[in-house]
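Asks: Here it is: the structure, laid out below.
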Amino acid sequence: MIKSMRVLLLLCALSLAGSAAFGQTAATAPAFDVVSVKPVEHIVGLDYNNRLTYSSNGLTARNITLKRLIAEAYGLQLSQVSGPKWIDQNEYDIDARTTGAATREQMRLMLRSLLAERFNLKQHSELREMRVYDLIVGKSGAKIQPVSDEETATTHAGSHFRGDMRSFADFLAVLFTLPAPSSPSEPVIAGGPQIPVLDKTGLTGVFDFNVDMRPELGTDGFAMGQRVLQDQLGLSVESRKENVATLVVDDAARIPTEN
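Position one of the sequence shown corresponds to residue 927 (our numbering), numbered consecutively onward.
Structural data, given as structure tokens:
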């Protein structure tokens, strides 16, 4: 999980590992056993919202937008979700639990049920041609290897990441929006439209590594990310135009149903 580039980068701190299909019937959809969904009283905005964490038996979200919840549930990046402007502005607190342990993918399916039941979400999927970055293995081969559940990276200076390559692609989509810093004393904030980063590495499993990402004057997030990918990880990105799966929100409730 990336820890060094302001809280905004928590947008991508968790894996958005995708599922193949958007649709699922209510009769077969798994659901959380206990759910609390509440609109927040104090909106914190883009620098600090969309905090979401998983545990073995549920998830907790603080100041999370509906757009972020949808992206999480359907394994998409934020740029692949469109709809009314408010879905990226209104914020909610959510606590959802299961009676037994569940995998993250199972909980994403449960999150779909939560969206349908509490937000009355109605959506459809579309293929849209857009510019994307394909995350690929570099010519000299990857410099990282998957780890077991118990293994962690040796601590040293830099930023720490743990997750699959889909998670890392999601982080890069945010990193690449960082503007070049104009002053060494002022932190930069990611912003602007994201270009989807699609995992095409073929690397499977969980990875745990540290990377040295030092912002430099005149160097934006894309240039810094390219350097890290090539020099430290043995990865690369290629810009393409592709037909990308997107989800369009047709209707949703701003105020979720009561707990």
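A virtual CB, placed ideally from N, CA and C, is assigned to each residue, including glycine. Everything numeric in this text was worked out from a predicted model, so none of it was measured.
Round the Cβ separation of Arg1038 and Ala999 to the nearest angstrom and send it over; I've been treating them as touching at under 8 Å.
Replies: Right, their Cβ atoms sit about 5 Å apart.
Asks: Would you identify the three-state DSSP class for Val1154, choosing helix, strand or coil?
Replies: In the structure shown, Val1154 sits in a helix (DSSP, three-state: H, G or I).
Asks: Over the uninterrupted alpha helix (DSSP H) stretch that includes Ile996, give me the two end residues.
Replies: Its alpha helix (DSSP H) spans residues Leu992 to Tyr1000.
Asks: If contact is defined by three or more beta carbon pairs under 8 Å, each pair taking one atom from either stretch, is the region 1058–1068 in contact with the region 1124–1141?
Replies: The region 1124–1141 vs the region 1058–1068: in contact.
Asks: By DSSP, does Ser981 sit in helix, in strand, or in coil?
Replies: Residue state, collapsed to three classes: strand.
Asks: Based on Cα-Cα distance, which residue from Ala1022, Ala1027, Val1100 and Leu1161 lies nearest to Lys964?
Replies: Answer by Cα proximity: Ala1022.
Asks: Output the distance between the C-alpha atoms of Ser1008 and Ser1162, rounded to the nearest integer angstrom.
Replies: When rounded, the distance between both Cα atoms is 28 Å.
Asks: Could you tell me which of Asp1014, Pro956, Asp1176 and Gly1067 sits nearest to Arg1030, measuring between CA atoms?
Replies: Closest option to Arg1030, Cα to Cα, is Pro956.
Asks: For Asp1176 versus Gln1049, is the C-beta distance shorter than 8 Å?
Replies: In this structure, Gln1049 lies closer than 8 Å to Asp1176 by Cβ.
Asks: Spatial neighbours of Ser1108 within its chain, please: CB distance less than 6 Å, with the 5 preceding and 5 following residues excluded, ordered by chain position.
Replies: No residues qualify anywhere along the chain.
Asks: Taking the C-alpha atoms as reference points, what is the distance between Ser1074 and Met1150?
Replies: Distance between the alpha carbons of Ser1074 and Met1150 is about 29 Å.
Asks: Around the Cβ of Gln1071, are there at least 16 other Cβ atoms within 10 angstroms (buried) or fewer (exposed)?
Replies: Gln1071 should be labelled exposed.
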